[in-house]
Amino acid sequence: MKRRLNIIDYSLILIVLVGLVGGGLFIMKKLNKNSESSTIITGKQRVRMVCDAHSILPDIAEKMKVGDKLVAKKAFQNAEVVDVKIEDDFEIGAMDGEIVKVMKPEAKYVIVTIEGEANRYGPYLDLGGQALKIGEFYWIKTSSANLFGSILNIETLEAENE
Amino acid sequence: MNKTSKLKLFGKIHLFDLIVFLLLVIMLLGMVNRLTGGKLISSFSGAAEKKVEVVLRTREYPVESLNAIEIGEQLSENKQYLDGKVTAFEVREREVSYLDENGKIVVGNDPYYKWADVTIVATMKYNEPVYSLGKQEYVPGSNVFLTTMRLNLKSVVMSIKEVE
Numbered sequence: 002m003k004r005r006l007n008i009i010d011y012s013l014i015l016i017v018l019v020g021l022v023g024g025g026l027f028i029m030k031k032l033n034k035n036s037e038s039s040t041i042i043t044g045k046q047r048v049r050m051v052c053d054a055h056s057i058l059p060d061i062a063e064k065m066k067v068g069d070k071l072v073a074k075k076a077f078q079n080a081e082v083v084d085v086k087i088e089d090d091f092e093i094g095a096m097d098g099e100i101v102k103v104m105k106p107e108a109k110y111v112i113v114t115i116e117g118e119a120n121r122y123g124p125y126l127d128l129g130g131q132a133l134k135i136g137e138f139y140w141i142k143t144s145s146a147n148l149f150g151s152i153l154n155i156e157t158l159e160a161e162n163e
Numbered sequence: 004m005n006k007t008s009k010l011k012l013f014g015k016i017h018l019f020d021l022i023v024f025l026l027l028v029i030m031l032l033g034m035v036n037r038l039t040g041g042k043l044i045s046s047f048s049g050a051a052e053k054k055v056e057v058v059l060r061t062r063e064y065p066v067e068s069l070n071a072i073e074i075g076e077q078l079s080e081n082k083q084y085l086d087g088k089v090t091a092f093e094v095r096e097r098e099v100s101y102l103d104e105n106g107k108i109v110v111g112n113d114p115y116y117k118w119a120d121v122t123i124v125a126t127m128k129y130n131e132p133v134y135s136l137g138k139q140e141y142v143p144g145s146n147v148f149l150t151t152m153r154l155n156l157k158s159v160v161m162s163i164k165e166v167e
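In order, the protein sequences belong to chains A and B.
Positions in the first sequence are counted from 1; adding 1 to them yields our numbering.
Positions in the second sequence are counted from 1; adding 3 to them yields our numbering.
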């Protein structure tokens, strides 16, 4: 039996062709744009970030050590603590007619500097499944301590590896 | 009239073919819209592109975080860059008030948390009367996130003006 193409078959072929041509043009346009300016970089990105955590118990704060590796998803991450500062925590208050920091020695303020390899997709960085953005909360977790803090600063350290 | 001819529109187009055809058209339009970053839908909605300068005031953050803002940082959303950059920023004092030990109200600058006024220049969609960039709408008073590769700072839109 001889089969003939009907109008629907022609339409489907046309749609597929339009899709292929449109998709091809879009990809070419994107590749050209990327090569000109804003290349989408994916892969590993070495970063240094500074995190802080307030209201930490003194005994827990002491457990955060230089050289400790970060832990996430039940595994060590390719990142380690390179600096730790432990200070008395504080609150803002008023005393003798002035706005001052009121120190709270019963709790510690911990500033931790971390260096490591983050995953990068374009403008998105994550380390251990947590997004890296200044202003965002961050769990500073090693095998000895787990502090809930936030990110104060991020530096990208060197050219990305593909 | 046999059974199959009853399922045909105008006696020619099979109903099943028509449904498949419509689904394919919808999928194709969806794909084109996604690949063009929503430009297909916005072109139907009549949105125009405008270059605007927006001043954002961040919520209170430690001064170290605000000093980390860099001029030239490109705006982003999720894993995509947006057509906009940080062009200027200024860290500002934030006034607070507390009761002191004598019960007096004391007003002064917060020694730890500050604000920053950040100027961005971006090409936004303008669908009268609202400007938008990515998924965020920019109207004075709106809460938006100032997001780049390094930043995600809660902010308020203070002013917006077209620059070209």
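For each residue, glycine too, the CB sits at the ideal point set by N, CA and C.
#1: Give every residue of the same chain whose Cβ lies closer than 7 Å to the Cβ of residue 146 (chain A), excluding the five residues on either side of it in the sequence, and list them in chain order.
#2: First and last residue of the beta strand (DSSP E) that includes residue 106 (chain A)?
#3: Quick one: measure Cβ to Cβ for residue 88 (chain B) and residue 76 (chain B), integer angstroms, because I've assumed they're closer than 8 Å.
#4: Along chain A, which residues have their Cβ under 8 Å away from the Cβ of residue 67 (chain B)?
#5: To the nearest angstrom, report how far apart residue 144 (chain A) and residue 76 (chain A) are at their CA atoms.
#6: Taking CB distances under 9 Å as the criterion, tell me whether residue 56 (chain A) reaches chain B.
#7: Which of the three DSSP states, helix, strand or coil, is assigned to residue 23 (chain B)?
#8: Roughly how many angstroms lie between the CA atoms of residue 35 (chain A) and residue 111 (chain B), to the nearest whole one?
#9: By the 10 Å Cβ neighbour count, where 16 or more other Cβ atoms means buried, how is residue 50 (chain A) classified, buried or exposed?
#10: Check whether the Cβ of residue 149 (chain A) lies closer than 9 Å to any Cβ atom in chain B.
#11: Pull up the distance between the alpha-carbon of residue 45 (chain A) and that of residue 120 (chain A), whole angstroms please.
#12: Run the CB neighbour count on residue 29 (chain A), radius 10 Å, all protein chains shown included, and call it buried at 16 or more, exposed below.
#13: Mind listing which residues of the region 101–118 of chain B have their C-beta closer than 9 Å to chain A's C-betas, in chain order?
#14: Below 8 Å, can you find three or more Cβ-Cβ pairs linking the region 84–95 of chain A to the region 106–113 of chain A?
#15: Can you pull out the residues from the region 135–157 of chain B whose beta carbon lies closer than 8 Å to at least one beta carbon of chain A?
#16: Among B:155, B:56, B:22 and B:68, which has the Cα closest to the Cα of residue 163 (chain B)?
#17: Let me make sure I understand the geometry here. Which of A:21, A:81 and A:69 has the alpha-carbon closest to that of residue 47 (chain A)?
#18: In the region 65–108 of chain B, which residue ranges form an unbroken alpha helix (DSSP H) of at least 4 residues, counting only runs that do not cross its ends?
#19: Express the C-alpha separation of residue 126 (chain A) and residue 82 (chain B) in angstroms, rounding to a whole number.
#20: Quick check on residue 8 (chain A): does DSSP put it in helix, strand or coil?
#21: Name, in chain order, the residues that DSSP records as bridge partners for residue 62 (chain B).
#22: Going by DSSP in three states, residue 146 (chain A) sits in which element: helix, strand or coil?
#23: When DSSP labels each residue in this structure, what does residue 13 (chain A) get in the three-state scheme?
#24: Beta-carbon within less than 6 Å of residue 114 (chain A)'s beta-carbon, same chain only, minus the 5 sequence neighbours each way: which residues are those?
#25: Between the beta-carbon of residue 125 (chain B) and the beta-carbon of residue 78 (chain B), is there less than 9 Å?
#26: Which runs of the alpha helix (DSSP H) spanning at least 4 residues fall entirely within the region 118–163 of chain B, listed in chain order?
#27: For residue 145 (chain B), I'd like the list of residues in its chain whose CB is within less than 6 Å of its CB, leaving aside the five on either flank, ordered along the chain.
#28: Output needed in chain order: residues of the region 88–108 of chain A with a Cβ under 8 Å from some Cβ in chain B.
#29: Please return the same chain residues whose Cβ sits closer than 7 Å to the Cβ of residue 60 (chain B), not counting the five positions on each side in sequence.
#30: Can you give the beta carbon distance from residue 71 (chain A) to residue 142 (chain A), rounded, assuming they're within the 8 Å contact cut?
#31: Output the distance between the C-alpha atoms of residue 90 (chain B) and residue 72 (chain B), rounded to the nearest integer angstrom.
#32: Tell me whether the beta-carbon of residue 64 (chain B) lies closer than 9 Å to the beta-carbon of residue 93 (chain A).
With the structure as the only source:
#1: Counting only Cβ-Cβ distances below 7 Å, and skipping sequence neighbours, we find 61, 64 and 65.
#2: Boundaries of the beta strand (DSSP E) around residue 106 (chain A): 99–122.
#3: Right, the Cβ-Cβ distance comes to about 7 Å (below 8 Å), so this counts as a contact.
#4: What residue 67 (chain B) touches in chain A: 51, 153 and 154.
#5: Whole-angstrom Cα-Cα distance: 9 Å.
#6: Any Cβ of chain B closer than 9 Å to the Cβ of residue 56 (chain A) would place that residue at the interface, and such an atom is absent.
#7: The three-state reading of DSSP puts residue 23 (chain B) in helix, counting H, G and I together.
#8: Below a pLDDT of 50, predicted positions are generally treated as unreliable, and residue 35 (chain A), at 49, falls in that range; the measurement from the model is reported next regardless. If I take the Cα positions, the gap works out to 49 Å.
#9: It counts as buried.
#10: It does not: the Cβ of residue 149 (chain A) has no partner Cβ on chain B nearer than 9 Å.
#11: Cα to Cα, residue 45 (chain A) sits roughly 5 Å from residue 120 (chain A).
#12: It counts as exposed.
#13: Those would be 101, 102, 103, 104, 105, 107, 108, 109, 110, 111, 112, 113, 114, 115 and 116, in chain order.
#14: Verdict: yes, contact present.
#15: Listed in sequence order: 150, 151, 152, 153, 154, 155, 156 and 157.
#16: Closest by alpha carbon: B:56.
#17: That would be A:81, whose Cα lies nearest to the Cα of residue 47 (chain A).
#18: For the region 65–108 of chain B, whole alpha helix (DSSP H) runs of length 4 or above, ordered along the chain, are 66–70.
#19: Looking at the backbone, the Cα of residue 82 (chain B) and that of residue 126 (chain A) are separated by about 9 Å.
#20: Collapsing the DSSP output to three states places residue 8 (chain A) in a helix.
#21: Partner(s): none; residue 62 (chain B) has no beta bridge.
#22: In this structure, DSSP gives residue 146 (chain A) a state outside helix and strand, which the three-state scheme calls coil.
#23: Reduced to three states, the DSSP call for residue 13 (chain A) is helix.
#24: Exclusion of the five residues before and after residue 114 (chain A) leaves 51, 83 and 84 as the residues of its chain whose Cβ lies within less than 6 Å of its Cβ.
#25: Cβ atoms of residue 125 (chain B) and residue 78 (chain B): closer than 9 Å.
#26: The qualifying runs do not exist here; there are none.
#27: Excluding sequence neighbours, residue 145 (chain B) sits near 160.
#28: For the region 88–108 of chain A, which is checked against every Cβ of chain B, the residues closer than 8 Å are 91, 93, 94, 95, 96, 97, 98, 99, 100, 101 and 102.
#29: The beta carbon of residue 60 (chain B) sits closer than 7 Å to the beta carbons of 118, 120, 158, 159 and 161 from its chain, once the five residues preceding and following it are set aside; these are given in chain order.
#30: About 6 Å separates the beta carbon of residue 71 (chain A) from that of residue 142 (chain A), a gap short enough to meet the 8 Å contact definition.
#31: About 10 Å.
#32: Taking 9 Å as the Cβ cut-off, residue 64 (chain B) and residue 93 (chain A) do not qualify as a contacting pair.
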